[in-house]
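Q: A single structure is presented below for examination.
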């Protein structure tokens, strides 16, 4: 018969109790990309993508999952917010784009900042085991931008702080009970960085026709003041050029009636600076005559003049065509 002293028994009990509980599950950081879209597409069309939240609980297998095991996800916060939603923010800028974070692809279940959580039970978790082996779970989350947002071009970023609460058995003993120290329960914040690239675009050029009317002499044609309005990405920088038309001679524009010519020119604003298609003759958007409050519509006021130092051509209708071009 073996007898143990009190001190020996205590020593054995201490060893048994300290026999290594497994390390907590790990929630590594994640990334997701919403790709690239023009500013006007962002304003009118939803951009969508997905990302994956991973929870790595080490060795084990699907058979060790118990009916009460779970992973619970919620949105604890974000680096930028718009109300209760996360918001992608322009790097080195103030514009932002609200974005939904959802647990379903159709976004029927949305995770709001500080809102309710979504729970994955053991039967669902069995279908979410990743390809790394062991009890490593890969849970997809879905992202959708909100429309109706007028923003400048650039790279937009937000970091989502996804709270991961979990209770996972990593070792099953006899009678279907979790082995002592194998029930891993805890919580962790998994940061998910989301990016979106917004590109410049122009969707409309409004350039009315010019009519000088009628006059018996070239010196009697009055100048015509008109405007071209261009709709481009908010705060975008570009230049506007006007071609020389179809009948230019020595960089002077002409309207034609058969072989007869009537010289004219187009000038920026009320100045004597010719509006052309190359070099300094182009018109920079930063020098536009006016800009709308939302930064997308720019107006270019110009003056069209029949040049007075020419002989009056034969009676008839004279015309020309000008091409408006934009360069980013």
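Numbering (mature numbering (1 follows the signal peptide of the UniProt record, and there is no 0)), first residue to last: -23 to -1, 1 to 305.
Virtual Cβ for every residue (Gly too), placed ideally from N, Cα, C.
Taking only the alpha-carbon atoms, compute the straight-line gap between residue 21 and residue 30 and give it to the nearest angstrom.
A: If I take the Cα positions, the gap works out to 29 Å.
Q: On the DSSP letters alone, give me the boundaries of the beta strand (DSSP E) that residue 21 sits inside.
A: Residue 21 -> not in any beta strand (DSSP E); alpha helix (DSSP H) instead, spanning 16 to 21.
Q: Taking its Cβ as the centre, do 16 or more other Cβ atoms sit within 10 Å of residue 72, making it buried, or is it exposed?
A: Its Cβ being crowded by 16 or more others within 10 Å, residue 72 is buried.
Q: With DSSP run on the structure shown, which of helix, strand or coil describes residue 92?
A: The answer is coil: DSSP assigns residue 92 none of H, G, I, E or B.
Q: Could you check the C-alpha separation between residue 15 and residue 91 for me, to the nearest Å?
A: Answer to the nearest angstrom: the Cα atoms are 31 Å apart.
Q: Rank 217, 290, 291 by C-alpha distance to the C-alpha of residue 182 and give the top, closest one.
A: Minimum Cα distance to residue 182 is reached at 217.
Q: Based on DSSP bridge pairs, tell me the residues matched to residue 212.
A: Answer is none; residue 212 lacks a bridge partner.
Q: Going along the chain, which residues of its own chain have a beta-carbon closer than 8 Å to the beta-carbon of residue -22, five neighbours each way excluded?
A: For residue -22, the predicted model reports a pLDDT of 36, less than 50, meaning its position is unreliable and no value from the coordinates is stated.
Q: Are the region 3 to 12 and the region 42 to 60 touching, with three or more C-beta to C-beta distances below 8 Å?
A: The region 3 to 12 vs the region 42 to 60: no contact.
Q: Would you check if the distance between the CB atom of residue 229 and the CB atom of residue 285 is smaller than 8 Å?
A: Result no, Cβ atoms of residue 229 and residue 285 do not sit closer than 8 Å.
Q: By a C-beta neighbour count over all protein chains shown, 10 Å radius and 16 as the cutoff for buried, is residue 213 buried or exposed?
A: With 16 or more other Cβ atoms within 10 Å, it is buried.
Q: Measuring straight from C-alpha to C-alpha, what distance separates residue 263 and residue 252?
A: Cα to Cα, the separation comes out at about 15 Å.
Q: For residue 287 and residue 281, what's the separation of their Cα atoms in angstroms?
A: Between residue 287 and residue 281, the C-alpha separation is close to 16 Å.
Q: Decide yes or no for the touch test of the region 174 to 181 against the region 80 to 100: beta carbon pairs closer than 8 Å, at least 3 of them.
A: The answer is no - the region 80 to 100 does not touch the region 174 to 181, with fewer than three Cβ pairs under 8 Å.
Q: What whole-angstrom Cβ distance do residue 232 and residue 295 have, given they're in contact under 8 Å?
A: Yes, they are in contact, since the Cβ atoms of residue 232 and residue 295 sit about 4 Å apart, within 8 Å.
Q: Check whether the Cβ atoms of residue 192 and residue 205 sit closer than 8 Å, and answer yes or no.
A: Not closer than 8 Å, so no.
Q: Indicate whether the contact test is met: 3 or more Cβ pairs, each with one atom in the region 144 to 159 and one in the region 52 to 65, closer than 8 Å.
A: Taking 8 Å as the limit for Cβ pairs, the verdict is that the region 52 to 65 does not touch the region 144 to 159.
Q: Quick check on DSSP: helix, strand or coil for residue 293?
A: Coil at residue 293, not helix or strand.
Q: Report the option in 116, 98, 87 whose CA atom is closest to the CA atom of residue 105.
A: It is 116.
Q: Can you list, in chain order, the residues of its chain whose CB lies under 7 Å from that of residue 97, leaving out five sequence neighbours each side?
A: Correct list, in chain order: 47, 48, 105, 116.
Q: Please classify residue 53: does DSSP put it in a helix, a strand, or coil?
A: DSSP places residue 53 in strand when its eight states are reduced to three.
Q: Identify every residue that forms a DSSP beta bridge with residue 275.
A: Note: residue 275 sits in a beta bridge opposite 207, 268.
Q: Report the three-state DSSP secondary structure of residue 190 (helix, strand or coil).
A: In the structure shown, residue 190 sits in coil (DSSP, three-state: anything other than H, G, I, E or B).
Q: For my contact list, residue 258 and residue 4 are in at a C-beta cut-off of 8 Å; report their separation, rounded to the angstrom.
A: Actually they are not in contact, since the Cβ atoms of residue 258 and residue 4 sit about 59 Å apart, beyond 8 Å.
Q: Are the CB atoms of residue 77 and residue 121 within a distance shorter than 8 Å?
A: Yes.
Q: Classify residue 82 as buried or exposed, calling it buried when 16 or more other Cβ atoms lie within 10 Å of its own Cβ.
A: Residue 82 is exposed by the Cβ-count criterion.
Q: Classify residue 237 as helix, strand or coil using the three-state DSSP reduction.
A: Looking at residue 237 - three-state DSSP - the assignment turns out to be strand.
Q: In the DSSP assignment, the beta strand (DSSP E) including residue 121 goes from what residue to what residue?
A: Element bounds for residue 121: 113 to 122.
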